[in-house]
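Protein chains in written order, with this note's numbering: chain A, 362 to 558; chain B, 9 to 709; chain C, 800 to 1000; chain D, 1298 to 1487. Every residue gets a Cβ at the ideal spot worked out from N, C-alpha and C, and that includes glycine. Since the structure is predicted, the reported quantities are computational estimates derived from the model, not experimental observations. Please read the structure below before turning to the comments.
Printed below as a string of structure tokens:
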């Protein structure tokens, strides 16, 4: 029995130390990792969407905890005012699971400013075509005060033929962003400016 | 953080408990050697070695199926460590040495499916040109490169040469040989192997009753590797000195060189290496299997008994020989005259057999002094009955019991019991076998003025060796063919005259035999002082007692002991027989072959309980292997050993024939066509080698 | 003296993956570019050195039955640490190496060295052994990556070298190219060794 | 239909050995003989499937709820190693014939990157339980397919005349490259 006790003890202790070390490392590095992730994963998309912003939207990102979830918001601040914001939402109903959509909203006109897909697992060459920026142009200028849906669901955006499910997921992602902005616009702006100050 | 610690600690704890408990509950005992090796291996289970993980590799290394340096992950130091572990343990088991073992035939067909050619020639089709093919070797030298112990070198003819001293039996070459013709062969496996029809066998090898690997030992002699030659012979024949002198060498009859030229003097070559060993003054060590703890009794110390005892001993069994005469050797000692086989040579040879650890009881007669019940009680697992054929057949004519009438065997035997028989001036020997010739030549040496050999058929039918007949004639023995005695007349109880009748041969009967029949009225009288009757022998089976176990032994109508052809098992399962008492009188080499076959059967019987049959066991010559014509063979004179001049030899019993010299042996060995070792036309191959050798030399320099 | 020998053997007799044919998966998978190879090699070296040191330190404490499990946990710890560090400081490299970073855990070189060397040798030698083997591995990976990158894209470490007229063989940066390049390199090394041996004679 | 696509993709297009480069060390070692290749294939299918199931459960039911995703590597490998070792010990005692056929290969694949690789791919691709099951089985079948095909090829090497420096692993790798090229032909077929 002695041998087994020793085995269990040694293994457990090693595991515990390993876990402690890693947990510590993770805690220490998580902020930096998140920044790196923003910079390398969302960075290019944000730069494309919010092209021409005088501030650095990545640096001015705020994390807003509302409705029980954390949402990262990237602002376009001009002359002390938040002109446009970009935020990432998961669109449900894709062929390969969620489609992650980055939606930029123009707060002055309350219309969609631009849409990009940041992550998807749609079939290459079929569903993936819906992530093409040319197709995504169709969302531009849509007002956020009404539900954004595909035409086949009684909405305003045409689905990409052959990629209906992917299109649906994107529309869902954009809609979620729009609804979120519509609901929390004031809170969001307040937080952004607080951070900026 | 705490959840992380808890979760990981939990997983680790559960895993360790599960493994700990499992290793207790499901404990399987492992070979300590395997564990030791596994300990030394990296344990990364990378599979780079080709085995399923380090454990499997350790098992393979321990079993000798993988070299110690097989681990690719550990690097040299792991290899060295494993080799160290193996080095300590490897001694206990019987060494298995690498050897090329191509036997052509069907196995070649399994290896190659090219152009419909189903034999060794497929290799030629594949690689083109004539190929010197030692055992089907392609000559790449892969084996030499793969050997971790440097035991393999490529010989001058680009065939691998295995050094038994260095070979550790790791099997690396076996795995790497592109033709798959190297195998690890223990000496046990070699001893237990018998020729098969499916093998590529040179005719001499098929014909030899002891199945000696003749081409290989001639090859060894050619290369001057006498030690290997002796070991090759001794895998089949423990009595090369004796056979080298007395064997009628049936092998030479079928020698392929004999088709175009005189056959190779195989027996002289054997005698040459055997004498080489004796002149070294030391018996060569032969490989022995580890002891099995089984006991076998051998009854009769003649060639069959000696051979059986020798091979059983090499297979690891304890053997005791029981012999009724004062010394071992049987017919070899008591039936063959000194001038053909000097007894000091036989003594040396027998000593070599006994020193392997065989016990001997002499002057005990089976049936009188001991019996099967005794042997059983003494704990013998099996008995080999090889009592020989010592009873002479009788003529069945008037006057056979007169003084001066000898039976041939008794006549010859007396020489070695210290009281040479006396012969008169005129001696008649009746019979045409080797015993008759031996008796005639011996009589001459005892001082007879005139020796007549009387044989009822003609010279062509004479069973004695042609060379023996010639030697006898050269010494002055008169041979009277087509004559048979009808009456022996005596005066005062001693022989005076003999009446004989001329015979003639009938026309061949349906079986092709021509029988002798007397010519009525051709009787003649002959003055004679001594008559020696040597017309054949039969086993003396007076040991059979109704009320004993021996009574259960079945006996044939020729007075031989009955046994199953395939197993040599008599009607008593633990009693085996072989040699003259089973086959009837025959030549020594036959008995030697029978001894090994009996050893094989006894080995399986006492170790495994049943004797597996040999699939397609070769008994008769393989027809396709006998040729009527051979191209490109230039006659080369055969060696003729020096013989004692006739005037010197008939006065005494000095050995008549001498051993050939090393130069002569070399030359004679070169006459061998190496059948079975070469697949293609030899001349073309040799031209090819000569062509290639200089250019190769240039490339290396 | 022994320290030097333990170090240099990683470049000579025990050069992975050429002399010891181990760690093939990362070798084949990540060497599409020279800097991937370099990064992977260095990450492996880090894990190798750390795990060798730790295994060597704990070599008398760990019971036989759970040896593999314990070693693997230690190695995995360092791998996850590397993974986190890489995410924090070299994110693009992390993205390119992808799943092969966690797979360093099962690189047979590391477990092999842990078992074959570190569990039987003192700390200092184990560290040097890890460093030597690791750097040898890095070198091999970088060379292999360099060749594939140069032929597959015409660039080296991302800098175009062969000019616009060069038609890249796409084959080289695909899986078959990896196998064939490694096979040919191995062939060349064997050839050089045998030539060298012949000259020595 | 989705599952069929997944199967074809995992077996042929994204063959784990020839396109994803996972599990190469034993691939080259074990493929020298058909017999070992067959045994190895069986064991690989068994272990990959089992490991994927276990790690999937650990990830979704333990690590995700506790926000410990970053521990996946260490947790997975510990669980896989212990589990396989446990099965090996268990099999050796209770199922001797099966152990001889497959079990001896188990330790070989504990540390085979294909096992951990498939487990990680299942997580990375967010597969559902069913998808994970289909993916892991077909991936391992793909591994087995490549291994057996390759062993068949390598057995022929034994009687071929190969230039000396190319013998062994070198020619093995080049051949694997050619096989991989053949598998590349499946790309775009789904």
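Inset, instruction - On a CA-only basis, which of A:511, A:489, A:365, A:413 is nearest residue 480 of chain A? Give me that one, please. - result: A:489
Inset, instruction - For residue 33 of chain B, count neighbouring C-beta atoms within 10 Å of its own C-beta (all shown protein chains included) and say buried if the count is 16 or more, exposed if not. - result: Around the beta-carbon of residue 33 of chain B, fewer than 16 other beta-carbon atoms lie within 10 Å, marking it exposed.
Inset, instruction - Whole angstroms is fine: what's the gap from residue 503 of chain B's alpha carbon to residue 434 of chain B's? - result: Answer to the nearest angstrom: the Cα atoms are 11 Å apart.
Legend entry - Proximity test, Cβ basis, 8 Å: residue 882 of chain C and chain D: yes
Legend entry - DSSP-derived helix/strand/coil call for residue 347 of chain B: coil
Legend entry - Where residue 162 of chain B falls: helix, strand or coil (DSSP): strand
Inset, instruction - Compute the Euclidean distance between the alpha carbons of residue 136 of chain B and residue 990 of chain C, then round it to the nearest angstrom. - result: Bear in mind that a pLDDT of 43 at residue 136 of chain B, under 50, signals an unreliable position, so the model cannot answer this.
Inset, instruction - Express the C-alpha separation of residue 475 of chain B and residue 281 of chain B in angstroms, rounding to a whole number. - result: 21 Å
Legend entry - Interface flag, residue 868 of chain C vs chain B, CB-CB below 8 Å: So, interface residue.
Legend entry - CB of residue 442 of chain B within 8 Å of CB of residue 480 of chain B, strictly: no
Inset, instruction - Could you check which residue in B:271, B:493, B:555 has the C-alpha nearest to that of residue 527 of chain B? - result: The alpha carbon of residue 527 of chain B has as its nearest neighbour, out of B:271, B:493, B:555, the alpha carbon of B:493.
Inset, instruction - Hey, could you find the ends of the alpha helix (DSSP H) residue 873 of chain C is sitting in? - result: 866 to 888
Legend entry - Cutoff 8 Å: residue 388 of chain A Cβ touching any chain C Cβ: no
Inset, instruction - Quick one: list the residues of chain D neighbouring residue 927 of chain C, beta-carbon separation under 7 Å, in chain order. - result: By Cβ distance, chain D contributes nothing, its closest Cβ being about 24 Å from residue 927 of chain C, past 7 Å.
Inset, instruction - Using the Cα positions of residue 323 of chain B and residue 617 of chain B, report the straight-line distance between them to the nearest angstrom. - result: When only Cα atoms are considered, residue 323 of chain B and residue 617 of chain B end up about 16 Å apart.
Legend entry - Bridge partner(s) assigned by DSSP for residue 495 of chain B: Residue 495 of chain B is bridged to B:406, B:507.
Inset, instruction - With residue 477 of chain A as the anchor, note down where its alpha helix (DSSP H) starts and where it stops. - result: No alpha helix (DSSP H) holds residue 477 of chain A; the beta strand (DSSP E) holding it covers 472 to 480.
Inset, instruction - List the residues of chain C that residue 444 of chain A touches, going by C-beta distances under 8 Å, in chain order. - result: The premise fails here: residue 444 of chain A is roughly 29 Å from chain C at the closest Cβ pair, so nothing lies under 8 Å.
Legend entry - residue 1344 of chain D vs residue 1438 of chain D beta-carbon contact at 8 Å: In this structure, residue 1438 of chain D does not lie closer than 8 Å to residue 1344 of chain D by Cβ.
Inset, instruction - May I ask you to list, following chain order, the residues of the stretch 292 to 309 of chain B that have a beta carbon less than 7 Å from some beta carbon of chain A? - result: none
Legend entry - Cutoff 6 Å; reference residue 316 of chain B; Cβ partners in own chain excluding five residues on either side: 306, 392, 603, 606, 607
Legend entry - Three-state secondary structure (DSSP) of residue 553 of chain B: In the three-state reduction of the DSSP assignment, residue 553 of chain B falls in the coil class, being assigned neither a helical nor a strand state.
Inset, instruction - Taking 8 Å as the cut-off, decide whether the C-beta atoms of residue 1444 of chain D and residue 1306 of chain D are in contact. - result: no
Inset, instruction - Would you check if the distance between the CB atom of residue 4 of chain B and the CB atom of residue 397 of chain B is smaller than 8 Å? - result: Look at the range of chain B in this structure, 9 to 709, and you will see that residue 4 of chain B is not part of it.
Legend entry - Alpha carbon of residue 508 of chain B to alpha carbon of residue 235 of chain B, nearest angstrom: 54 Å
Legend entry - CB of residue 534 of chain A within 8 Å of CB of residue 462 of chain A, strictly: The criterion of a C-beta distance shorter than 8 Å is satisfied by residue 534 of chain A and residue 462 of chain A.
Inset, instruction - Compare the C-alpha of residue 440 of chain B against each of B:543, B:150, B:513, B:158 and name the closest. - result: B:543
Legend entry - Bridge-paired residues (DSSP) for residue 3 of chain B: The structure shown does not extend to residue 3 of chain B, since chain B spans only 9 to 709, so no value can be given for it.
Legend entry - residue 372 of chain A at chain C interface by Cβ criterion, 8 Å: yes
Legend entry - Straight-line gap, residue 374 of chain A to residue 1409 of chain D (C-alpha atoms, nearest Å): 26 Å
Legend entry - Given residue 628 of chain B as reference, the closest of B:225, B:457, B:210, B:600 once Cα atoms are compared: Cα-wise, what sits closest to residue 628 of chain B is B:210.
Inset, instruction - Could you tell me whether the Cβ atoms of residue 1015 of chain C and residue 815 of chain C are closer together than 8 Å? - result: Since the first residue of chain C shown is 800 and the last is 1000, residue 1015 of chain C is not available in this structure.
Inset, instruction - From the DSSP output, read off the bridge partner residues of residue 431 of chain A. - result: A:426
Legend entry - When C:805, C:915, C:808, C:954 are compared against residue 86 of chain B, the one with the closest alpha-carbon: C:915
Legend entry - Residues that residue 16 of chain B contacts on chain D, provided the C-beta gap is smaller than 9 Å: Neighbours of residue 16 of chain B in chain D, taken as residues at a C-beta separation under 9 Å, are given in chain order as 1365, 1368, 1371, 1372, 1375.
Legend entry - Neighbour list for residue 306 of chain A in chain B, Cβ cutoff strictly below 7 Å: Since the first and last residues shown for chain A are 362 and 558, residue 306 of chain A lies out of range.
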